[in-house]
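For the sequence shown, this note's numbering begins at 3 and goes up steadily by one. By construction, the Cβ of each residue, glycine as well, lies at the ideal position given by its N, Cα and C atoms. Reviewing the structure listed below.
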Amino acid sequence: MERREFVTSLVAGGCAGMCVDLTLFPLDTIKTRLQSQQGFYKAGGFRGIYAGVPSAAVGSFPNAAAFFVTYDCTKSLLGARGVLEAPHLAPVTHMLAASLGEIVACLIRVPTEVVKQRTQASPSSGTYRMLLATLSEEGVRGLYRGFGTTVLREIPFSLVQFPLWEYLKTLWSWRQGHTLYSWQAAVCGAFAGAVAALVTTPLDVAKTRIMLAKAGSTTASGNIPLVLYDVWKSRGIPGLFAGSIPRVTFISVGGFIFLGAYEKVRTTLL
C-alpha cells in the first residue's frame, strides 16, 4: 500500500467516523438506555440524550481511522497479487480485512464506549467524572471491560456488513457500467449495515449489559452465553432484541453517512 493511499484511508476513515458518531449520537443514547438493566426511564429516558458525547467525539476519529487503515492495508496485501487475489475469493479477503480492522479499532473504541455508555445511563454524571470514577474503582482494566464482547459483536457484524457492501457496490457498478458515485456507495452501506445490525443485536445487548454492570457482579465477568441466558429468562426474545429498532435505524443511516463519507473523502483525496 502506497503512502498516499495510507494517508487517504486514515483521513477518510477518521472523517467518516466523526460524521456518523456525532450526527446520530441521540439514537445511540436511546438504544443504550433501552438495553440497560435498570430500564429505559430509570437510565434517563429522553433526558440528556447528548450525555457522553465528549467521549464519542474524542474516540471517533482515531477509532474509524484505525479500522480503515487496517482494512485497506489487509485488502491490499491479500487481494492485490496476494494469496487471495482470485475474484471468487474476494468475500474471504473482505471478511479477513474487516475482522482484523475491528480488532485493531476496538483497542481505541472500547475505552471510549465504556465511558460513553456509563454516562448515557447516568446522565447526572459528566464524561470526565465518569472516566475518573471508572479509573479509581477499576483501574485501566475497567476501561476495557467488555473488550472481548465488543470484538465478538463487531467481528460477526463486519463479516456480514463489509462483504455485502463490497458485493452490492460491485454488482451495481457492473450493471451501470461505471464506478459508483459516493451516494450510491452510501446506499449500499445503508442496506448492508441494516442487515448486519439486526442479526447481531443480541450480542450488542450482552455488550451493553456487561459494560454497565456493577464491578464484581456476575454480569461484569463478561460471560456472554450467561448474560444472554439471563436476558432471555427475564425478558424473553424481545429482551434479546431490545433496542433493535434504534440500532438498525442508527446503523442503517450511519452506514449511509459513514461509508458514503468515506468514499467521498477518499475519492476527493485520490
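Cβ separation of residue i and residue j, assumed to be a contact under 8 Å, to the nearest whole Å
i, j, result
"GLN37", "ALA244", "5 Å"
"CYS17", "VAL267", "5 Å"
"ARG111", "THR152", "7 Å"
"ALA222", "ILE212", "6 Å"
"SER101", "SER11", "Contact doesn't hold; Cβ gap of about 17 Å is too wide."
"HIS90", "GLU168", "That belief does not hold up - the Cβ atoms of HIS90 and GLU168 are roughly 13 Å apart, past 8 Å."
Separation of residue j from residue i, as counted between CA atoms
i, j, result
"TYR146", "ALA92", "33 Å"
"GLN45", "THR34", "The question names Gln, but residue 45 is Ala in the sequence shown. Distance between the alpha carbons of ALA45 and THR34: 9 Å."
"SER62", "GLU104", "13 Å"
"TRP1", "LEU170", "The displayed coordinates of the chain run from 3 to 272. Any statement about residue 1 would go beyond what the structure contains."
"ASP232", "LYS209", "13 Å"
"THR269", "SER219", "48 Å"
Pick from the options that is closest to residue i, judged by C-alpha positions
i, options, result
"ARG71", "ALA107, TYR52 and GLU115", "In the sequence as displayed, the identity of residue 71 is Val instead of Arg. For VAL71, the nearest C-alpha among the options comes from ALA107."
"ALA68", "ALA217, VAL13 and TRP167", "VAL13"
"VAL197", "ARG120, ALA123 and PRO158", "PRO158"
"LEU26", "GLY41, GLU156, SER11 and ALA53", "ALA53"
"GLN163", "LEU80, ALA99, GLY128 and LEU24", "ALA99"
"SER254", "LEU29, GLY15 and MET20", "LEU29"
"ILE32", "VAL22, TYR43 and LEU24", "TYR43"
(request) Let me know the alpha helix (DSSP H) ranges lying completely inside the segment 90–146, each 4 residues or longer, listed in chain order. (result) 92–123, 129–140 and 142–145
(message) Would you call the segment 5–21 in contact with the segment 245–255, where contact means no fewer than 3 C-beta pairs closer than 8 Å?
(response) no
(message) I want to know whether the segment 192–208 touches the segment 224–231 - three or more CB-CB distances under 8 Å.
(response) yes
(request) For the segment 173–193 and the segment 260–272, state whether three or more C-beta atom pairs, one from each stretch, are separated by less than 8 Å. (result) yes
(request) Would you check if the segment 135–143 and the segment 47–64 touch, i.e. whether three or more CB-CB distances between them fall below 8 Å? (result) no
(request) Check whether the segment 125–136 touches the segment 167–181, taking contact to mean three or more Cβ pairs, one atom from each stretch, closer than 8 Å. (result) no
(request) Report the residue ranges of all alpha helix (DSSP H) runs contained in full by the segment 224–249; include only those spanning at least 4 residues, in chain order. (result) 226–242
(request) Could I get the ranges of all uninterrupted beta strand (DSSP E) runs contained in the segment 11–84, with 3 residues as the minimum, in chain order? (result) none
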